[in-house]
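A short worksheet on the structure shown next.
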Amino acid sequence: MDSVQEQEAKKQKIEQEPSHVEETEIVQEQEAQEEPTTVEYDEEDMKLGTQLIAAVIANDLETCKALAEQDVDLCFSGDDLGRTPLHHAAEHGHMGIIEWLLSEKHPYNLTDKNEVTAGELALKNKHTKVYERLVDEGVRTELLIRALKKAFGDDDDDEASKIANEAYLNQKLHYDDNKLMDENDDAVMMGWELPLMIDHAKVMCPKEGLNVINVGFGLGLIDTELQKYKPKNHYIIEAHPDVYAHMLELGWDKKPGVKILFGRWQDMVPKLDILFDGIFFDTYGEFYDDLRAFHECVPNMLNENGIYTWFNGLGATNQFFQDIYCNVSEIDLREFGLSTEYIDMPVSTWAEQGVWDGVRQKYWVLDNYKLPICKFLEQ
Numbered sequence: 446m447d448s449v450q451e452q453e454a455k456k457q458k459i460e461q462e463p464s465h466v467e468e469t470e471i472v473q474e475q476e477a478q479e480e481p482t483t484v485e486y487d488e489e490d491m492k493l494g495t496q497l498i499a500a501v502i503a504n505d506l507e508t509c510k511a512l513a514e515q516d517v518d519l520c521f522s523g524d525d526l527g528r529t530p531l532h533h534a535a536e537h538g539h540m541g542i543i544e545w546l547l548s549e550k551h552p553y554n555l556t557d558k559n560e561v562t563a564g565e566l567a568l569k570n571k572h573t574k575v576y577e578r579l580v581d582e583g584v585r586t587e588l589l590i591r592a593l594k595k596a597f598g599d600d601d602d603d604e605a606s607k608i609a610n611e612a613y614l615n616q617k618l619h620y621d622d623n624k625l626m627d628e629n630d631d632a633v634m635m636g637w638e639l640p641l642m643i644d645h646a647k648v649m650c651p652k653e654g655l656n657v658i659n660v661g662f663g664l665g666l667i668d669t670e671l672q673k674y675k676p677k678n679h680y681i682i683e684a685h686p687d688v689y690a691h692m693l694e695l696g697w698d699k700k701p702g703v704k705i706l707f708g709r710w711q712d713m714v715p716k717l718d719i720l721f722d723g724i725f726f727d728t729y730g731e732f733y734d735d736l737r738a739f740h741e742c743v744p745n746m747l748n749e750n751g752i753y754t755w756f757n758g759l760g761a762t763n764q765f766f767q768d769i770y771c772n773v774s775e776i777d778l779r780e781f782g783l784s785t786e787y788i789d790m791p792v793s794t795w796a797e798q799g800v801w802d803g804v805r806q807k808y809w810v811l812d813n814y815k816l817p818i819c820k821f822l823e824q
């Protein structure tokens with residue numbers, strides 16, 4: 446069974462209605478992940494915790510289990526770096542201890558004092574199997590939490606997304622030195638993304654004269670590239686009034702084949718009466734659930750042999766979390782009848798001197814970009 450099928454099997458399993466015991470375990474696991482990493486330990490806790498770390502490093506599973514019987518904190522993080530047993534097991538590649546810790550509900554995503562996860566340590570030390578196991582655990586946990594929220598009718602994330610999107614659409618944006626910035630000096634889009642947009646457009650347009658759509662204009666990077674392929678119909682959905690006004694100033698409403706739809710994609714997509722050969726999605730002020738909701742719309746928008754792709758900024762400040770969410774997204778797309786292939790491409794423009802000047806925080810720190818190519822599954 447390949448990794449995608451394994452993830453699908455896990456997904457099908459966790460989406461079954463959980464029992465009361467399972468619900469309790471999931472809630473406890475989620476709460477454990479939300480606890481702060483700084484914990485005060487008494488002398489006995491420090492003694493047991495230090496012994497546990499030593500046993501983990503020595504790959505001594507029996508001693509680890511014996512210490513667990515003495516109520517040692519399995520998430521002990523009392524060393525100088527604040528690293529947990531899972532960190533140390535991952536760093537040394539001790540798969541057996543990792544499996545045991547995960548079975549004992551050790552959260553997969555705890556960070557040390559430097560915000561480093563166990564997965565990153567496994568990757569750094571080239572423990573590939575361990576890294577893949579931790580990514581799988583992350584995928585399992587994220588899908589599990591989603592299933593639980595669905596079972597309980599928890600719509601807090603939906604409300605948070607709605608609030609964030611409204612706040613974004615109501616704030617003043619400004620264009621500054623090849624950047625589109627919000628009121629908080631966070632970048633909505635930046636010029637360093639151009640090489641990525643060139644490749645996205647190339648993927649969408651294997652030839653000229655196609656029907657294409659882009660959701661989210663930003664700096665107009667991908668739309669400029671798409672125009673080079675002389676599309677028959679070039680739809681652009683843009684929700685922010687400042688960006689829309691900027692588009693009109695630049696004359697985008699007069700370009701060949703271009704049709705601008707001013708509004709939220711959630712309102713515009715249901716009104717479309719055309720199928721597209723290429724679809725691109727890149728919005729701001731939305732969460733993963735919004736991307737997933739758009740994924741679900743794609744089968745009703747895409748031509749039989751069309752290509753769907755999107756700006757893959759999932760977890761783009763942490764390779765471990767990006768790999769988890771790329772897997773989650775692949776599972777979601779498969780559920781909607783779409784296959785996903787990620788094309789690895791090196792990207793260095795984000796690291797050029799001065800690129801982030803004036804930007805409050807970086808939204809990208811990775812040297813590799815996973816460009817998604819989605820098509821209808823073969824029947």
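Numbering (this note's numbering), first residue to last: 446 to 824. For every residue, glycine included, the Cβ atom is placed at its ideal position computed from N, Cα and C.
Self-check item: Residue range of the beta strand (DSSP E) that includes Phe821
Solution: On the sequence shown, residue 821 is found 376 positions in, with the first residue counted as 1. Phe821: member of the beta strand (DSSP E) spanning Asn813 to Phe821, first to last residue.
Quiz item: If you draw a straight line from the alpha carbon of Gly636 to that of Ser793, how long is it in whole angstroms?
Solution: If you number the sequence shown from 1, residue 636 lands on position 191. If you number the sequence shown from 1, residue 793 lands on position 348. One C-alpha to the other measures close to 12 Å.
Self-check item: Limits of the unbroken alpha helix (DSSP H) element including Phe765
Solution: Start at 1 with the first residue of the sequence shown, and residue 765 comes out as number 320. Gln764 to Glu780 is the span of the alpha helix (DSSP H), which, as asked, contains Phe765.
Quiz item: Is the number of C-beta pairs between the region 647-654 and the region 623-638 that are closer than 8 Å three or more?
Solution: Contact between the region 647-654 and the region 623-638 is absent, because fewer than three Cβ pairs lie under 8 Å.
Quiz item: Thinking C-alpha only, which one of Lys595, Gln616, Glu741 and Ile643 is nearest Lys820?
Solution: Start at 1 with the first residue of the sequence shown, and residue 820 comes out as number 375. Nearest neighbour of Lys820 by Cα position, chosen from Lys595, Gln616, Glu741 and Ile643, turns out to be Glu741.
Quiz item: Which of helix, strand or coil does DSSP assign to Pro791?
Solution: Walking along the sequence shown from the start, residue 791 turns up at place 346. Here Pro791 carries a strand assignment [DSSP, helix/strand/coil].
Exercise. Reducing DSSP to helix, strand and coil, say where Leu747 ends up.
Key: In the sequence shown, residue 747 corresponds to position 302, counting from 1. Strand, per DSSP.
Exercise. Indicate the three-state DSSP secondary structure (helix, strand or coil) for Gly541 in the structure shown.
Key: For this step, residue 541 is matched to residue 96 along the sequence shown. If DSSP states are grouped into helix, strand and coil, Gly541 belongs with the helices.
Quiz item: What is the DSSP secondary structure of Thr469, reduced to helix, strand or coil?
Solution: Position 24 of the sequence shown, counted from the first residue, corresponds to residue 469. With a pLDDT of 44 at Thr469, under the threshold of 50, the predicted position of this residue should be treated as unreliable, and no value is reported.
Quiz item: Can you tell which of Asp698, Asp734 and Pro715 has its C-alpha closest to the C-alpha of Ala592?
Solution: Here the question's residue 592 lines up with position 147 in the sequence shown. When only C-alpha atoms are compared, the closest one is Asp734.
Quiz item: So, are the CB atoms of Leu589 and Tyr576 less than 9 Å apart?
Solution: Taking the sequence shown and counting its residues from 1, the one referred to as residue 589 is at position 144. Taking the sequence shown and counting its residues from 1, the one referred to as residue 576 is at position 131. Their beta carbons are not under 9 Å apart, which means Leu589 does not touch Tyr576 by this criterion.
Practice problem: On a CA-only basis, which of Ser522, Lys704, Asn559 and Ile542 is nearest Ala503? Give me that one, please. | Solution: The count along the sequence shown starts at 1 and reaches residue 503 at position 58. Per the Cα distances, Ile542.
Quiz item: Is the region 639-650 touching the region 666-680 in the sense that three or more CB pairs, one from each, lie closer than 8 Å?
Solution: The way I'd put it, the region 666-680 does touch the region 639-650; three or more beta-carbon pairs between them come closer than 8 Å.
Quiz prompt | Residues near Leu706 in its chain [Cβ-Cβ closer than 6 Å; skip 5 each side] | solution = By one-based count along the sequence shown, residue 706 stands at place 261. Result list for Leu706: Ile682 and Met713, in chain order.
Quiz item: Under 9 Å, do Leu618 and Val688 count as touching if we go by C-beta distance?
Solution: Taking the sequence shown and counting its residues from 1, one reaches residue 618 at position 173. Taking the sequence shown and counting its residues from 1, one reaches residue 688 at position 243. Against a cut-off of 9 Å, the Cβ pair of Val688 and Leu618 comes out as a contact.
Quiz item: For Ala563, which of helix, strand or coil comes out of DSSP?
Solution: Translated into positions along the sequence shown, residue 563 becomes position 118. If DSSP states are grouped into helix, strand and coil, Ala563 belongs with the helices.
Quiz item: Based on Cα-Cα distance, which residue from Ile719, Ile658, Leu822 and Ala684 lies nearest to Lys675?
Solution: Taking the sequence shown and counting its residues from 1, one reaches residue 675 at position 230. Answer by Cα proximity: Ile658.
Quiz item: Taking Cβ to Cβ, would you say Met649 is nearer than 9 Å to Phe725?
Solution: As a first step, residue 649 must be located in the sequence shown, where it is residue number 204. As a first step, residue 725 must be located in the sequence shown, where it is residue number 280. Less than 9 Å divides the Cβ of Met649 from the Cβ of Phe725.
Self-check item: Thr754 in three-state terms, based on DSSP
Solution: To locate residue 754, count along the sequence shown from 1; it is residue 309. DSSP places Thr754 in strand when its eight states are reduced to three.
Exercise. Tell me whether the beta-carbon of His551 lies closer than 9 Å to the beta-carbon of Leu816.
Key: Your numbering for residue 551 matches position 106 in the sequence shown. Your numbering for residue 816 matches position 371 in the sequence shown. Between His551 and Leu816, the C-beta spacing is not below 9 Å.
Self-check item: Three-state secondary structure assigned by DSSP to Leu588
Solution: Here the question's residue 588 lines up with position 143 in the sequence shown. Here Leu588 sits in helix by DSSP.
Quiz item: Terminal residues of the continuous beta strand (DSSP E) containing Glu683?
Solution: Counting from 1 along the sequence shown, the entry for residue 683 is found at position 238. Annotation for Glu683: the continuous beta strand (DSSP E) segment containing it runs Asn678 to Glu683.
Quiz item: Counting Cβ pairs closer than 8 Å, one from the region 488-499 and one from the region 515-522, do we hit at least three?
Solution: When Cβ pairs closer than 8 Å are counted between the two stretches, the region 488-499 is seen to touch the region 515-522, the count reaching three or more.
Quiz item: For the 8 Å Cβ check, are there 3 or more pairs between the region 798-808 and the region 770-783?
Solution: No, the region 798-808 is not in contact with the region 770-783.
Quiz item: Where does Val743 land, buried or exposed, given buried means 16+ other C-beta within 10 angstroms?
Solution: Here residue 743 corresponds to residue number 298 of the sequence shown, with the count starting at 1. By the neighbour-count rule (16 or more Cβ atoms within 10 Å), Val743 is buried.
Quiz item: Going by beta carbon distance, what residues of the same chain come within less than 7 Å of Phe721, once the five residues before and after it are set aside?
Solution: For the purposes of this step, residue 721 is identified with residue 276 of the sequence shown, where counting begins at 1. Excluding residues within five positions, the ones whose Cβ falls inside 7 Å are Asn656, Val657, Ile658, Met746, Leu747, Asn748 and Gly751.
Self-check item: DSSP three-state assignment for Val688, whether helix, strand or coil
Solution: Translated into positions along the sequence shown, residue 688 becomes position 243. Secondary structure of Val688 (DSSP, three-state): helix.
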